[in-house]
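Peer 1:
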Amino acid sequence: MSSPKNNISIGLAGQQNAGKSTIFNMLTGASQHIANYPGVTVDKKVGNYRDEHGRVEVVDLPGTYSLTSFSLEERVARDFLLREKPDAIVNVVDASSLRRGLYFTFQLLEMSFPVVMALNMVDVAEANGRRVDSEKLAQLLGIGVVPTVGRKGRGKEKLRQTIRQTAREPKAKGSLRIEYDRLEEHIDSVYDVLSESKALAMAVPLRWMAVKLLEGDSEAFKLLNHYHKQPENVIELVRSSVEAFEEKTDISPGDYIVSCRDREASRIVDQCVEVINTNTVHVSEKIDRVLLHRGLAPLFLVLTVYLIYELSIVQGYKLTFLTWPALAWIRATVAGLLPDPGMLQDTILRSLPLWMVDSVNTLLNYVPIFLILFALIAILEDSGYMARIAFILDRVFHSFGLHGQSTLPFILGGVFTGGCAVPGIMATKGIPDERSRLATILTVPYMNCLAKIPLYTLLVNIYFTASRSYVMLFISTITIIMAMIIAKILTSTVLRGRETSPFIMEMPNYHMPMVTSVLRRAFDRTWVYIKKVGTIVIAVAVCVYVLLQFPGIPDDRMEHYQKRMDAAIKDFQADIQGTQYADLLDDEQGLLDLLNISARYREAKLAASTQEASRAVDERYEARYPELFPLLRARDAESRAISRSLRNLANERTTLRTQIREETIVHSYFGSLGKALEPVTQFAGFDWKINVALISSFAARESSVATLGVLFQEGADENIPLEERMEREGEAGGNTPLHALALMLFFALYPPCLAATIMVKVQTGSYKWMFFSIAFPTIFGLAVASGVFTFGTMLGLSGIQAMGAFYVLALITAIGLSFIRDPGWDQGGPRYTTKQEFTP
Amino acid sequence: MKRFRKIHKLSTECTECTLGTEHHKPPCQVLTQVKKGCRCRIRRHNAHGAIRQRLLDLGFVPNAEVEMIRCATLGDPLEMRMGDYYVTLRKREADLIEVQMA
């Protein structure tokens, strides 16, 4: 008794836009995960399901138009099929473009795989006036054909059954064989030489191999050299066959093969597709007549971008007010678990964990914004409008050496609106053009990431209060102008020799986005962001902490502060002399406890939003500290006086702590580095404090404002906002709006944060580009900032004047560059393997 | 607004490219010369390698019928209909495709 195996693995193959992923979701449901194909950055989606016989593992192959060896995705898909030899292959075909889908099916059949066709989106085809006879199609192709509607889950059971059936009877003898008429004799003779090699016959289907060799497929020649004992003989035979064929027919075998397949496809389509209504214009086309109208298209595009901005950034920011208390609660809880604060300095056991929690919280604060942003972008992708955006903008991007499909990475990176470079760089995966892809990866970090915005807001509020909206407009558009200039420079210099590819894209039909798929994508991408927070940022936070805290404040300064503190304590103790609390507070530990308890009490009272909650806090503290409670909430004259005195002491302590913290940073490694860099950065108008903030912001941009906050601390205790503190000091130190402009420009061109540079490494696969992505913007940014500051000072321009001048200059440069001929155009496209001319 | 209407009007004039008869075939044209709303048949293309393969995969095979649908706001790329689906090409690639008016 032979038992067929119960656990099988199948591959899901098909062309782009055929609805492969909806079929994948339909078959596997929620149990799926993403892996990588060995050695390449192509995603490998794997899922599984159970039917009555056993487990079925489903591998989603990259969506490709055919199975040649021209693109990475095609090679990956083909290698997987040849190596893993899945038990069955589900070929997803869009019923509305059956003819083109059949080209792909033929290639699968030629490779002798057991194929099941999922004839997808039959409902759309019928709406467009085409009815496909699936039984007839199954009969003509000799394989199982199941009509499906992946989005609605229609055809799921039937498809699962057919998969099982096909896997059980793998020798699909009856399947269609494409005849290549006049080429057949050559195929036969090549087939005969190939069959001499048993190893080759084991590895690949020989007829397919013969066809591929005659086509001139480079990977096929590699396989030949690998398996065949005398590849030279075969290559010689193939060469002479191709010559003889071209001599006789005046057409290359490659083109002849294509035309034979096309003829076969037409024959099948003629027999299987019934045209119900010839006059229907596709619904998608009707929509496009409005949305892609030559004059109106930009309007709809701007509207869409504005809507994304309004919903994700503006509304999302409001949402963060709701989520922030949760993060604050986490911080308070962690703080409660850690050792109590010391009188003047905290132990590292307290300060380091709190530092890390703060760093993570700043990033997690953006999660609501990202969820909305990523959901909206998933809607754009699923609906099909993203492809239209690429269509509208390709001309612009193309002038700068980029690609229409650079749009998505730039939007994720935060073109006008604020985003994050990490998902932006990840999204460059879809760009088919290698040179544009690299240029996009290297320019996405110039976009306005959400974390850059606090610094902009801070500077604008200090230096440009009068012309706030102009400056914000300047910031949001100058970044894209600079990114275009840099993309053009990069593609005409360092990226010059890279492969480029054309913008040949199928315009997908419009679809109603599915809630589950949108949410899944939004959560997946947000999760990537959170993982970044969880790993890299925490690691970097530790490094920055060390570099900002060590080697620490000199001993003599510490002694000085200690003396001041002691004096304050003495004053306090003199005040309480003779009261009932004197004994309780005569040692320093008791006093420190009281200070910490009263600080916590005040915090708890502030956090209590209702009267009941406030009363509950009172009750809790009274129960816990019965002796000290009268001092926290003074009722009689004596305790009121002590309480006042206590507050003075607490204020003095806070001032001293702040001064110590500042001096620690001045003496830290970063402080020294910032000072050491002053001779270089003075041309851009940066003093050492700014330098320190910029250096620390490499870890995560959010920290720039936090670091500035620590550096400009005088007045922090009087609850003066950072804006005013910086303004006050700035006026004293002669800072002008020109300083602020130089700083904003440098910050706009600043290298990607650490997480983004790591993503650059992942997506380019090379450390060289990672270092380039750090070094180039630093030099370029400093040059631009220095140029603006130095010339602005020389010409005596005000901040706004310099800004206007720079904007005009950048715009003219960008427009000028867009007219420069692309060096890639003269190279006659990418290198190719065989010479093929088309002469019918 | 006037300008757009003018463009639209211009592009619907399709008569001039359907003058060819059995005896007098119109001269060879490339795909970029096909006006909006006009149909043509592919004769051959001069692309190589990956571009060629991609064009063939998307149905740009000899004798395939193509209908020009529109161009983007800035005049490039072009969108065309190949039977039941729509494909976009840059002018640079469309220049490589020789067509005959249908």
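In order, the protein sequence lines correspond to chains A and B.
Its first residue numbered 24, the first sequence is counted upward by one per residue in this note's numbering.
Its first residue numbered 246, the second sequence is counted upward by one per residue in this note's numbering.
Every residue, glycine too, gets a C-beta built ideally from N, C-alpha and C.
Computed from a predicted structure; not experimentally measured.
Please identify the residue among Glu259(A), Ile434(A), Phe420(A), Lys221(A) whose C-alpha is closest to the C-alpha of Leu236(A).
Peer 2: The option with the nearest alpha carbon to Leu236(A) is Glu259(A).
Peer 1: When we look at the beta-carbon of Gln600(A) and count the other beta-carbons within 10 Å, is it buried (16 or more) or exposed?
Peer 2: Under this definition Gln600(A) is an exposed residue.
Peer 1: Check whether the stretch 582–598 of chain A and the stretch 799–810 of chain A are in contact - that is, three or more C-beta pairs closer than 8 Å.
Peer 2: With the cut-off at 8 Å, the stretch 582–598 of chain A and the stretch 799–810 of chain A do not touch.
Peer 1: Starting from the C-beta of Val311(B), find all residues in its chain whose C-beta is less than 8 Å away, skip the five residues before and the five after it, and write them out in chain order.
Peer 2: Only Leu276, Val279, Arg284, Cys285, Arg286, Ile287, Phe305, Met325, Arg326, Met327, Val344 meet the Cβ criterion.
Peer 1: Could you spell out where the alpha helix (DSSP H) holding Val234(A) opens and where it closes?
Peer 2: Element bounds for Val234(A): 229–238.
Peer 1: Does His421(A) come out as helix, strand or coil in the three-state DSSP assignment?
Peer 2: In the structure shown, His421(A) sits in a helix (DSSP, three-state: H, G or I).
Peer 1: Which one or two residues does DSSP pair with Gly34(A) in a beta bridge?
Peer 2: DSSP, once it has assigned bridges, lists Val82(A), Ile112(A) as partnering Gly34(A).
Peer 1: Mind checking if Arg123(A) is an interface residue toward chain B, Cβ cutoff 8 Å exclusive?
Peer 2: Yes, because at least one Cβ of chain B sits closer than 8 Å to the Cβ of Arg123(A).
Peer 1: Shorter than 8 Å from the beta carbon of Thr333(B) to some beta carbon of chain A?
Peer 2: So, interface residue.
Peer 1: CB-CB under 6 Å to Ala413(A), same chain, minus the five flanking residues each way: which ones, in chain order?
Peer 2: Hits under 6 Å: Gly427, Gln428, Thr430.
Peer 1: List the DSSP bridge partners of Asp117(A).
Peer 2: Partner(s): Asn143(A).
Peer 1: On the premise that Val227(A) lies in contact with Leu105(A), defined as a C-beta separation below 8 Å, what is that separation, rounded to the nearest angstrom?
Peer 2: Confirmed, about 6 Å.
Peer 1: Return the CA-CA distance between Gln39(A) and Tyr88(A), expressed in angstroms with no decimal places.
Peer 2: Each residue's alpha carbon lies about 7 Å from the other.
Peer 1: Beta-carbon within less than 6 Å of Met610(A)'s beta-carbon, same chain only, minus the 5 sequence neighbours each way: which residues are those?
Peer 2: It should be noted that the sequence gives Asp, not Met, for residue 610(A). Nothing listed; no residue qualifies.
Peer 1: For Val82(A) versus Leu35(A), is the C-beta distance shorter than 8 Å?
Peer 2: Result yes, Cβ atoms of Val82(A) and Leu35(A) sit closer than 8 Å.
Peer 1: By a C-beta neighbour count over all protein chains shown, 10 Å radius and 16 as the cutoff for buried, is Ile210(A) buried or exposed?
Peer 2: Burial call: buried.
Peer 1: Taking 8 Å as the CB-CB cut-off, is Val344(B) touching chain A?
Peer 2: No, because no Cβ of chain A sits closer than 8 Å to the Cβ of Val344(B).
Peer 1: Can you give the Cα-Cα distance for Glu107(A) and Arg154(A), rounded to whole angstroms?
Peer 2: Going from the Cα of Glu107(A) to the Cα of Arg154(A) covers about 35 Å.
Peer 1: Taking Leu90(A) as the reference, give the member of Glu80(A), Tyr126(A), Asn71(A) with the closest Cα.
Peer 2: With distances taken between Cα atoms, Leu90(A) lies closest to Tyr126(A).
Peer 1: With distance defined between alpha-carbon atoms, name the residue in Leu377(A), Leu334(A), Ile310(A) nearest to Phe323(A).
Peer 2: The shortest C-alpha separation from Phe323(A) is found at Ile310(A).
Peer 1: Distance check for Phe393(A) and Arg262(A), CA to CA, integer angstroms please.
Peer 2: Distance between the alpha carbons of Arg262(A) and Phe393(A): 57 Å.
Peer 1: Can you pull the chain B neighbours of Glu202(A), defined as C-beta to C-beta under 8 Å?
Peer 2: What Glu202(A) touches in chain B: nothing, since even the nearest Cβ is about 17 Å away.
Peer 1: Under a three-way DSSP split, which group does Met327(B) fall into?
Peer 2: Met327(B): strand per DSSP, three-state reduction.
Peer 1: Per DSSP, what kind of secondary structure is Leu334(B) in: helix, strand or coil?
Peer 2: Three-state DSSP puts Leu334(B) in a strand.
Peer 1: Taking all protein chains shown into account, decide if Gly320(B) is buried (16 or more other Cβ within 10 angstroms of its Cβ) or exposed.
Peer 2: Flag for Gly320(B) reads exposed.
Peer 1: Measure from the alpha carbon of Pro170(A) to the alpha carbon of each residue in Ile434(A), Asp117(A), Glu202(A), Phe136(A), then state which is nearest.
Peer 2: Closest by alpha carbon: Asp117(A).
Peer 1: Going by DSSP, name the residue or residues bridged to Cys285(B).
Peer 2: Bridge partners of Cys285(B): Val311(B), Met346(B).
Peer 1: Can you confirm whether Val279(B), when its beta carbon is compared against all beta carbons of chain A, has any partner nearer than 8 Å?
Peer 2: Output row for Val279(B): interface = no.
Peer 1: Do Thr801(A) and Pro774(A) count as a contact pair if the criterion is CB distance below 8 Å?
Peer 2: In this structure, Thr801(A) lies closer than 8 Å to Pro774(A) by Cβ.
Peer 1: Quick check on the DSSP output: the alpha helix (DSSP H) that includes Glu297(A) runs from which residue to which?
Peer 2: Looking at the DSSP string, Glu297(A) is not in any alpha helix (DSSP H); the run it does join, the beta strand (DSSP E), is 296–298.
Peer 1: Does Arg154(A) come within less than 8 Å of chain B when only Cβ atoms are used?
Peer 2: No - not a single Cβ of chain B is within 8 Å of the one on Arg154(A).
Peer 1: Who are the near neighbours of Phe497(A) in its chain, counting only those whose CB is closer than 8 Å to its CB and skipping five residues on each side?
Peer 2: The answer, listed in chain order, is Met826, Tyr830.
Peer 1: For chain A, is any of its Cβ atoms less than 8 Å away from the one on Arg284(B)?
Peer 2: Chain A, which has no Cβ nearer than 8 Å to the Cβ of Arg284(B), makes this no.
Peer 1: For the beta strand (DSSP E) holding Val155(A), just list the boundary residues, first then last.
Peer 2: Taken as a continuous stretch (DSSP letters only), the beta strand (DSSP E) holding Val155(A) covers 153–155.
Peer 1: Under a Cβ-count criterion, where at least 16 other Cβ atoms within 10 Å of its own Cβ denotes burial, should Cys566(A) be classed as buried or exposed?
Peer 2: It counts as exposed.
Peer 1: Label Arg335(B) either buried or exposed according to how many other C-beta atoms from any shown protein chain fall within 10 Å of its C-beta, with 16 as the threshold for buried.
Peer 2: Buried.
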